[in-house]
Amino acid sequence: SQTIHQWPATLVQPVGSPLSLECTVEGTSNPNLYWYRQAAGRGLQLLFYSVGIGQISSEVPQNLSASRPQDRQFILSSKKLLLSDSGFYLCAWNLGTGDSPLHFGNGTRLTVT
Amino acid sequence: QQPVQSPQAVILREGEDAVINCSSSKALYSVHWYRQKHGEAPVFLMILLKGGEQKGHDKISASFNEKKQQSSLYLTASQLSYSGTYFCGSLYNQGGKLIFGQGTELSVKP
Numbered sequence: 006s007q008t009i010h011q012w013p014a015t016l017v018q019p020v021g022s023p024l025s026l027e028c029t030v031e032g033t034s035n036p037n038l039y040w041y042r043q044a045a046g047r048g049l050q051l052l053f054y055s056v057g058i059g060q061i062s063s064e065v066p067q068n069l070s071a072s073r074p075q076d077r078q079f080i081l082s083s084k085k086l087l088l089s090d091s092g093f094y095l096c097a098w099n100l101g102t103g104d105s106p107l108h109f110g111n112g113t114r115l116t117v118t
Numbered sequence: 004q005q006p007v008q009s010p011q012a013v014i015l016r017e018g019e020d021a022v023i024n025c026s027s028s029k030a031l032y033s034v035h036w037y038r039q040k041h042g043e044a045p046v047f048l049m050i051l052l053k054g055g056e057q058k059g060h061d062k063i064s065a066s067f068n069e070k071k072q073q074s075s076l077y078l079t080a081s082q083l084s085y086s087g088t089y090f091c092g093s094l095y096n097q098g099g100k101l102i103f104g105q106g107t108e109l110s111v112k113p
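Chains as they are written, first to last, in my numbering: chain G, 6 to 118; chain Z, 4 to 113.
This is the structure:
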């Protein structure tokens, strides 16, 4: 069966520090991978979307970046965090077909102080 | 293009019914519905493909009106466990990215 791992679960970082969040999927190959962010009490904002290794679509201009070095690995990074980067970050995958549900990781709660 | 959900919030008594609507200004390939409990990741409920489909899942069902580019989620005889934020997700083409609406917060009181 397929599983998705996302870590860490919580993170407190000072403004200006770097960020690296990692997500891996097991039990499937060539998944579509997503990074969403949810600010407190708000909706799910799509940040990045990938259909294959090295293929990243950035949805919102900001100081974050994403990489997909391996088929089932998706990394979210920042060189310098801003206060506004605080939120709940969710990695997700699906099979890229119209009838494939999105499977979410447990999320990372990031607080920038 | 983010789909628009209505209402933004709804409060129910246990056993009451609710309808949550999701509208798109662009032609949809499919609509997804998810529920998120506070502090947790969203959980998949159902997908509706174009073609006017209806689906059911216990006392939660949904419909998709392809002509109007609208989907509705129906919760009947609500239970306390139905509380949470409901999101619809729009897929505009097969293999495309899923864009979520702003969410509808549902509270079921005893």
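Every residue, glycine too, gets a C-beta built ideally from N, C-alpha and C.
Same chain only: Cβ atoms within 6 Å of residue i, ignoring 5 sequence neighbours per side
i: G/K10; result: Residue identity differs from the one stated: residue 10 of chain G is His in this sequence, not Lys. Only T29 meet the Cβ criterion.
i: G/Q7; result: G32 and T33
i: Z/S9; result: N24
i: G/R77; result: T29 and V30
i: Z/Q73; result: S26
i: Z/L76; result: I23, W36 and A65
i: Z/I63; result: L78
i: G/K84; result: P23
i: G/R114; result: T15 and F93
Spatially closest choice to residue i from the options, by CA coordinates
i: G/L16; options: G/R77, G/Y94 and G/Q50; result: G/Y94
i: G/F109; options: Z/L48, Z/E17 and Z/S64; result: Z/L48
i: G/P23; options: G/I80, G/A97 and G/N99; result: G/I80
i: G/I61; options: G/G103, G/P36 and G/T113; result: G/P36
i: Z/D20; options: Z/S74, Z/Y85, Z/F67 and Z/Q8; result: Z/Y85
i: Z/L51; options: G/S105, G/Y39 and G/T113; result: G/S105
i: G/Q75; options: G/R114, G/G21, G/L38 and G/T113; result: G/L38
i: Z/F67; options: Z/P45, Z/D61, Z/A80 and Z/G92; result: Z/G92
i: Z/I102; options: G/A97, G/T113 and G/Q50; result: G/Q50
Beta carbon of residue i nearer than 8 Å to that of residue j
i: Z/C25; j: Z/G104; result: yes
i: G/R73; j: G/I58; result: yes
i: G/V56; j: G/G101; result: yes
i: Z/R16; j: Z/K112; result: yes
i: Z/K53; j: Z/E43; result: no
i: Z/G18; j: G/G48; result: no
Same chain, Cβ closer than 8 Å to residue i, neighbours up to 5 away in sequence not counted
i: G/N111; result: Q11 and A14
i: G/P19; result: L86, V117 and T118
i: Z/K71; result: S26
i: G/A71; result: W40, L52, F53, S55, I61, S63, F79, I80, L81 and S82
Buried versus exposed, by CB contacts within 10 Å (16 or more), residue i
i: Z/I161; result: Here chain Z comprises residues numbered 4 to 113, so residue 161 of chain Z is not present and cannot be evaluated.
i: Z/L78; result: buried
i: G/N68; result: exposed
i: Z/L83; result: exposed
i: Z/P6; result: buried
i: G/A45; result: exposed
i: G/N99; result: buried
i: Z/S81; result: buried
Whole-Å CB distance - residue i paired with residue j, under 8 Å assumed
i: G/S91; j: G/T116; result: 5 Å
i: Z/H1; j: G/L107; result: Outside the shown range of chain Z, which is 4 to 113, sits residue 1 of chain Z, and nothing can be said about it.
i: Z/L94; j: Z/L31; result: 7 Å
i: Z/Q4; j: Z/S33; result: Not quite, the Cβ-Cβ distance comes to about 15 Å (not below 8 Å), so this is no contact.
i: Z/F90; j: Z/Q11; result: With 8 Å as the limit, Z/F90 and Z/Q11 do not qualify as a contact, their Cβ atoms being about 12 Å apart.
i: G/G103; j: Z/Q97; result: 4 Å
Under 7 Å from the C-beta of residue i: neighbouring residues of chain B
i: G/Y54; result: No chain B appears in this structure, whose protein chains are G and Z.
Residues of its chain near residue i, where Cβ-Cβ distance is below 7 Å and the 5 sequence neighbours each way are ignored
i: G/S25; result: I80 and S82
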